[in-house]
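Student:
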Amino acid sequence: MVGYQAYQENQVEGAGPLGLVLLSYEALFKSLGRTRMAILAGDLSAEADHTSRSMEALIELSSSLNMQEGGEMAENLASLYAYMMNRLIEGLCSSSTGHVDEVLKLVTELREGWMQLSVQQKKPQHLALVRNAA
Numbered sequence: 005m006v007g008y009q010a011y012q013e014n015q016v017e018g019a020g021p022l023g024l025v026l027l028s029y030e031a032l033f034k035s036l037g038r039t040r041m042a043i044l045a046g047d048l049s050a051e052a053d054h055t056s057r058s059m060e061a062l063i064e065l066s067s068s069l070n071m072q073e074g075g076e077m078a079e080n081l082a083s084l085y086a087y088m089m090n091r092l093i094e095g096l097c098s099s100s101t102g103h104v105d106e107v108l109k110l111v112t113e114l115r116e117g118w119m120q121l122s123v124q125q126k127k128p129q130h131l132a133l134v135r136n137a138a
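Using our numbering, the first residue of the sequence shown is number 5, and each one after it goes up by one.
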């Protein structure tokens, strides 16, 4: 496990601002999937744990926004992240996966958009959305 933790730390340390956003989206996507599975299994403890991890990823994404340079796009993302957090809170300990499915759909679309930006990373106007982590 130590080797895997070292690998993860290297991934985070070596990632630029956009890479960190993508890592956060990946963590969020996985946590939401696990939340959904916990709901289906009726495991309230696991649901709460994975919902908490999802919220942490959303907070990380929200705090990484560069509100000064990101303009309206950063404001819209901040509002969307807040909406997703509210939906997760509303659905906590619910027997339905509807709230998680809704957030998963939004996260999937956003993650795909950020992945496309990573391909075009050399365009500086896209990097204005994310604060430099250095």
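Idealized CB from N, CA, C, for every residue including glycine.
A quick note: this is a predicted structure, and the numbers were derived from the prediction, not measured.
Between Ser-98, Trp-118 and Lys-109, which has its C-alpha nearest Ser-49's C-alpha?
Tutor: As a first step, residue 49 must be located in the sequence shown, where it is residue number 45. For Ser-49, the nearest C-alpha among the options comes from Ser-98.
Student: Given that a residue counts as buried once 16 or more other Cβ atoms are within 10 Å of its Cβ, and exposed if not, what is Gly-95?
Tutor: Taking the first residue of the sequence shown as 1, we reach residue 95 at position 91. With 16 or more Cβ atoms within 10 Å of its Cβ, Gly-95 is classed as buried.
Student: For a quick check, are the C-beta atoms of Tyr-87 and Leu-65 less than 7 Å apart?
Tutor: By one-based count along the sequence shown, residue 87 stands at place 83. By one-based count along the sequence shown, residue 65 stands at place 61. No, Cβ-Cβ distance for Tyr-87 and Leu-65 is not below 7 Å.
Student: Rounding to the nearest angstrom, what Cα-Cα distance links Gln-15 and Leu-22 in this structure?
Tutor: Translated into the one-based positions of the sequence shown, residue 15 becomes position 11. Translated into the one-based positions of the sequence shown, residue 22 becomes position 18. Because the pLDDT at Gln-15 is just 48, under 50, the model does not fix this residue reliably, and the value given afterwards should be weighed accordingly. Taking the straight line from one Cα to the other gives about 12 Å.
Student: Along the chain, where does the alpha helix (DSSP H) containing Leu-69 start, and where does it finish?
Tutor: Here residue 69 refers to the residue found at position 65 when the sequence shown is read from its first residue. Note, Leu-69: premise wrong, no alpha helix (DSSP H); not H, not E.
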